[in-house]
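Residue numbers (my numbering), protein chains in the order written: chain A, 509 to 840; chain B, 301 to 799. Below: the structure, in structure tokens.
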Ligand code: SF4
Ligand code: SF4
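Written out as structure tokens, the structure is:
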């Protein structure tokens with residue numbers, strides 16, 4: 509049981525603790541009396557010092573809001589501004605990175621990704637700068653390791669809806685995908701066959717069956733063979749090709765490579781046809797420096813899925829580069 | 301102990317030519333209160349073999365501390381030539397012929413373990429000799445007390461000075477003392493920063509205002525702590541702040557040699573008149589010279605106490621007295637609990653250094669130092685680590701090829717750049733690609749001197765070989781010039797068989 513009893517009414521002398529000789533406060537809990545010890549001196553000193561410090565701080569630093577009717581706050585004798593400091597620090601950072609970024613830019617302009625790869629120092633710089641820029645800007649959609657999510661492409665593999673060369677990636681970064689504010693953006697559009705009432709649900713299911721048959725995912729179905737094939741040839745083959753292999757120049761995905769941006773379950777495929785996917789990526793030239801975009805493009809390219817341009821691909825030793833995979837059989 | 305009770309009242313004179321010191325132990329039971337203000341302690345200067353040992357040790361310790369940063373050690377061009385250097389900027393630690401990388405901090409752990417074991421060993425043998433002689437707190441406090449004595453005189457003079465009202469004489473003595481203390485404190489803080497950069501350069505930069513801000517900061521912090529801990533707090537640090545007394549007392553046993561008052565010989569104590577016989581009484585004349593000499597302000601005659609740092613100055617103090625009253629030295633001496641008991645029972649004393657715990661500590665010390673020495677001698681100059689990409693764990697390419705990405709970290713601890721060859725030990729179908737390698741030399745890794753370098757590597761398994769969830773791989777780097785190799789194991793994940 510805890511009970512507080514105040515035994516020292518005003519005016520009465522406080523009881524003195526026999527052992528320590530210290531006054532008691534009159535508070536008692538379960539027979540334990542509270543001693544009226546002073547605060548430790550070191551504690552008090554620190555307390556006074558903080559008060560003194562606060563006064564000095566107010567004189568030198570921005571501290572007090574302006575009285576009503578006035579704008580802003582007191583400036584303090586030091587005229588300190590955190591915003592100015594940040595601006596200055598950023599400028600300093602920019603300047604310190606400048607030479608390396610200039611070298612990167614030069615190499616990319618002269619010899620593309622090969623030139624960057626040939627210079628170990630530049631390569632490491634581009635990878636590091638690209639990785640950090642990626643983490644800040646791209647990871648939200650594409651994932652920290654660029655592994656992608658449903659609707660957001662995996663950048664590690666060799667499947668590219670648009671162009672996977674170094675220059676192609678640079679272009680996409682600059683202009684964005686379906687970023688309507690940018691006139692040069694990469695643009696393609698698939699009709700929303702269901703939403704816009706162009707096809708019935710049954711017809712959509714039939715086309716989906718046909719597409720999955722093309723990709724070798726299911727055995728042909730009756731509806732797919734008849735209705736599905738007919739609709740595909742009329743509506744879809746213009747962009748995706750009669751065999752479904754797509755067309756990179758217009759951003760029409762390959763439908764037979766088993767890489768499905770919007771999921772590979774039958775209902776995913778039907779949903780894509782129903783609503784016509786419309787993925788958007790911003791044009792980063794509006795926000796990022798040219799050099800950062802170069803580093804980003806190098807980083808993404810070197811995640812391993814970047815496509816060599818035709819002429820360099822041919823120049824590679826067949827022992828190092830095998831087939832479609834740019835990974836070479838090397839160093840056995 | 302029975303003998304200590306019922307002590308007679310103190311007298312002004314303990315024996316012929318020996319005055320009783322007006323010294324009360326600060327920790328006597330009657331005066332030990334909870335909220336006790338610090339009582340100033342005025343240790344009296346003593347002379348004797350332990351005092352001399354402390355002076356010598358102080359000179360050695362301070363000499364090493366102040367001069368070590370200036371000792372040079374040639375490590376070849378490009379490498380720092382300071383014998384002892386903690387190079388934070390480049391993440392290296394140099395200690396004469398030893399150079400440690402961050403990956404090798406376990407040697408520091410080893411050193412700390414070794415230090416702890418050594419401390420256990422000497423404590424088991426000789427009690428708190430670390431506290432009494434080697435602890436920096438003791439060394440600097442001793443030095444500060446010596447300075448205090450220089451300006452304010454010995455114990456009695458100092459006590460009188462403190463009671464006096466302020467005067468010019470008192471003021472200049474106090475001011476000079478604090479000034480010299482500050483100089484020593486600044487030199488202490490100043491020497492500390494010399495261990496972290498080239499000492500000569502730091503010294504020059506420091507005085508021209510060019511040194512790093514951290515240098516000034518640590519200089520200020522260490523100056524402040526040295527001044528307060530050794531100048532104004534002194535024994536308070538040992539008694540209240542330091543955890544070591546609590547631990548160290550637990551490391552001694554009945555057979556450890558400790559600073560002890562030989563109660564069997566000293567009691568019953570009391571003043572001794574000239575010509576009086578020593579028969580039937582103890583050798584302690586209750587002069588309190590031992591209390592006056594104690595820098596911790598305690599009375600060793602009360603037995604082993606937490607506050608006692610084992611500095612043995614009370615031994616010197618009492619020995620001086622014993623010579624004066626013509627009794628054998630060693631009323632206070634290094635002795636063991638067991639021997640005092642034995643003597644009281646009339647048994648023979650014996651010193652037993654080789655006790656199980658001593659042997660155990662010695663064996664552990666030998667084992668740890670042997671292990672570290674082995675490691676240092678066989679330290680390789682080439683090391684390899686690998687980190688597999690986890691996000692994504694693996695990539696399936698359009699043709700069904702499965703690919704994993706790795707970062708290979710090569711540590712070249714040699715003083716010259718190297719060109720290494722990387723190879724694989726695994727399924728022969730596995731293909732490797734090194735990002736940045738040229739077509740002509742697809743497996744070449746160039747690592748500059750004395751650096752850690754990362755390389756991106758892709759391994760891929762063609763679709764026809766993807767038939768299991770994972771595959772063990774071993775990366776091997778070889779220096780074709782020296783034949784030196786390093787290897788690291790890794791795993792290749794395919795995602796086959798569910799994940
Ligand atoms: S032990 Fe020695 S120094 Fe201490 S009071 Fe006794 S005689 Fe004096
Ligand atoms: S009692 Fe003796 S050994 Fe212990 S601290 Fe005091 S002088 Fe030193």
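Glycine included, each C-beta is placed from N, C-alpha and C at the ideal position.
Neighbouring residues, chain B, relative to residue 652 of chain A (Cβ below 8 Å): By one-based count along the first chain, residue 652 of chain A stands at place 144. Residues of chain B passing the Cβ test: 691.
Using a threshold of 8 Å, state whether the C-beta atoms of residue 493 of chain B and residue 519 of chain B are closer than that. Here the question's residue 493 of chain B lines up with position 193 in the second chain. Here the question's residue 519 of chain B lines up with position 219 in the second chain. Yes, Cβ-Cβ distance for residue 493 of chain B and residue 519 of chain B is below 8 Å.
Straight-line Cα distance separating residue 748 of chain B from residue 714 of chain B: Counting from 1 along the second chain, the entry for residue 714 of chain B is found at position 414. Counting from 1 along the second chain, the entry for residue 748 of chain B is found at position 448. Rounded to whole angstroms, residue 714 of chain B to residue 748 of chain B spans 9 Å at the Cα level.
What's the gap between the Cα of residue 637 of chain A and the Cα of residue 541 of chain B? Locating residue 637 of chain A in the first chain gives position 129, where the first residue counts as 1. Locating residue 541 of chain B in the second chain gives position 241, where the first residue counts as 1. Distance from the CA atom of residue 637 of chain A to the CA atom of residue 541 of chain B, rounded to whole angstroms, is 48 Å.
Judging by CA-CA distance, which residue of B/592, B/611, B/780 is the nearest neighbour of residue 435 of chain B? Within the second chain, the letter at position 135 stands for residue 435 of chain B. The residue with the shortest Cα to Cα distance from residue 435 of chain B is B/611.
Starting from the N-terminal side, write out each stretch of the beta strand (DSSP E) that is 3 residues or longer and does not extend beyond the stretch 600-665 of chain B. 632-635
Assign residue 621 of chain A to one of three DSSP states: helix, strand, or coil. As a working note, residue 621 of chain A is residue 113 in the first chain. Here DSSP, grouped into helix, strand and coil, assigns residue 621 of chain A to helix.
Which residue marks the beginning of the beta strand (DSSP E) containing residue 754 of chain B, and which one marks its end? Against the second chain, residue 754 of chain B aligns to sequence position 454. Secondary structure note for residue 754 of chain B: its beta strand (DSSP E) is the uninterrupted segment 751-761.
9 Å Cβ cut-off: residues of chain B touching residue 810 of chain A: For the purposes of this step, residue 810 of chain A is taken as the residue at position 302 of the first chain. By Cβ distance, chain B contributes 735, 736, 756.
Measure from the C-beta of residue 389 of chain B to each C-beta in chain A and report whether the shortest distance is under 8 Å. Here residue 389 of chain B refers to the residue found at position 89 of the second chain. For residue 389 of chain B, the answer is no, since every Cβ of chain A falls outside 8 Å of its Cβ.
Proximity to residue 767 of chain B [Cα-Cα], best of B/700, B/689, B/472, B/429: Mapped onto the second chain, residue 767 of chain B falls at position 467. Checked all of B/700, B/689, B/472, B/429; the closest Cα to residue 767 of chain B is B/700.
Please state the DSSP three-state secondary structure of residue 505 of chain B. Counting from one through the second chain, the residue named residue 505 of chain B turns up at place 205. Reduced to three states, the DSSP call for residue 505 of chain B is helix.
Any non-hydrogen atom of ligand 2 closer than 7 Å to residue 861 of chain B Cβ: Outside the modelled stretch of chain B, which goes from 301 to 799, sits residue 861 of chain B, for which no answer is possible.
CB of residue 640 of chain B to nearest heavy atom of ligand 2: below 7 Å? In the second chain, the residue the question calls residue 640 of chain B occupies position 340. No.
Report the rounded CA-to-CA distance for residue 848 of chain A versus residue 563 of chain A, giving the unit in angstroms. Since the first residue shown for chain A is 509 and the last is 840, residue 848 of chain A is missing from the structure and cannot be characterised.
Can you give me the start and stop residues for the beta strand (DSSP E) that residue 682 of chain B sits inside? Taking the first residue of the second chain as 1, we reach residue 682 of chain B at position 382. Segment 682-688, the beta strand (DSSP E) holding residue 682 of chain B.
Mind checking residue 572 of chain B: buried by the 16 CB within 10 Å criterion, or exposed? Indexing the second chain from 1 puts residue 572 of chain B at position 272. Buried.
State buried or exposed for residue 717 of chain B, treating a residue as buried only when at least 16 other CB atoms are found within 10 Å of its CB. Within the second chain, residue 717 of chain B is the residue found at index 417, counting from 1. The residue is exposed, with fewer than 16 neighbouring Cβ atoms inside 10 Å.
Within 10 Å of its beta-carbon, does residue 342 of chain B have 16 or more other beta-carbons around it, so buried, or fewer, so exposed? The residue labelled residue 342 of chain B in the question sits at position 42 within the second chain. Residue 342 of chain B is buried by the Cβ-count criterion.
In its own chain, which residues sit with a C-beta less than 7 Å from the C-beta of residue 807 of chain A, not counting the 5 before and 5 after it? Taking the first chain and counting its residues from 1, one reaches residue 807 of chain A at position 299. So the qualifying residues of the chain are 634, 635, 638, 639, 642.
Between which two residues does the beta strand (DSSP E) harbouring residue 384 of chain B extend? Taking the first residue of the second chain as 1, we reach residue 384 of chain B at position 84. Unbroken beta strand (DSSP E) run through residue 384 of chain B: 384-387.
Select from B/621, B/608, B/490 the residue whose C-alpha is nearest the C-alpha of residue 326 of chain B. Residue 326 of chain B sits at position 26 when you count from the first residue of the second chain. Looking at the Cα atoms, B/608 is the closest of the given residues.
Please go through the same chain and pick out, in chain order, the residues whose beta-carbon is closer than 6 Å to the beta-carbon of residue 732 of chain B, but skip the five residues on each side of it. Here residue 732 of chain B corresponds to residue number 432 of the second chain, with the count starting at 1. Only 724, 759 meet the Cβ criterion.
At what residues does the alpha helix (DSSP H) containing residue 721 of chain B begin and finish? Numbered from its first residue, the second chain carries residue 721 of chain B at position 421. Element bounds for residue 721 of chain B: not the alpha helix (DSSP H) but the beta strand (DSSP E), 718-725.
Assigned secondary structure, residue 789 of chain B (DSSP; H/G/I helix, E/B strand, else coil): Taking the first residue of the second chain as position 1, residue 789 of chain B is located at position 489. Looking at residue 789 of chain B - three-state DSSP - the assignment turns out to be strand.
Members of the stretch 705-717 of chain B near chain A, C-beta cut-off 8 Å: 705
Whose Cβ in chain B lies nearer than 7 Å to the Cβ of residue 664 of chain A? Taking the first residue of the first chain as position 1, residue 664 of chain A is located at position 156. What residue 664 of chain A touches in chain B: 692, 695.
Taking C-alpha atoms, which residue in A/667, A/758, A/653, A/757 lies nearest to residue 766 of chain A? By 1-based counting over the first chain, the position of residue 766 of chain A is 258. Selected option, being the one with the closest Cα: A/667.
Distance check for residue 760 of chain A and residue 819 of chain A, CA to CA, integer angstroms please. On the first chain, position 311 is the one that residue 819 of chain A refers to. On the first chain, position 252 is the one that residue 760 of chain A refers to. In this prediction, residue 819 of chain A scores a pLDDT of 47, lower than 50, which makes its location untrustworthy; no coordinate-derived value is stated.
Simplified DSSP state of residue 315 of chain B, which is helix, strand or coil: Taking the second chain and counting its residues from 1, one reaches residue 315 of chain B at position 15. Strand at residue 315 of chain B.
Three-state secondary structure (DSSP) of residue 528 of chain A: Along the first chain, read from residue 1 onward, the residue named residue 528 of chain A stands at position 20. Note: residue 528 of chain A maps to coil in three-state DSSP.
Can you check the stretch 395-449 of chain B for any alpha helix (DSSP H) of at least 4 residues that lies completely inside it and give the ranges in chain order? Listed in chain order, they are 406-426.
CB contact flag (residue 461 of chain B, residue 452 of chain B, <8 Å): Walking along the second chain from the start, residue 461 of chain B turns up at place 161. Walking along the second chain from the start, residue 452 of chain B turns up at place 152. Cβ atoms of residue 461 of chain B and residue 452 of chain B: closer than 8 Å.
For residue 574 of chain A, which of A/583, A/567, A/568 has the nearest alpha-carbon? Residue mapping note: residue 574 of chain A aligns to position 66 of the first chain, counting from 1. Nearest C-alpha to residue 574 of chain A: A/583.
Would residue 566 of chain A be called buried (16 or more neighbouring beta carbons within 10 Å of its own) or exposed? As a first step, residue 566 of chain A must be located in the first chain, where it is residue number 58. Exposed.
Taking C-beta to C-beta, are residue 624 of chain B and residue 323 of chain B nearer than 8 Å? In the second chain, residue 624 of chain B corresponds to position 324, counting from 1. In the second chain, residue 323 of chain B corresponds to position 23, counting from 1. Result no, Cβ atoms of residue 624 of chain B and residue 323 of chain B do not sit closer than 8 Å.
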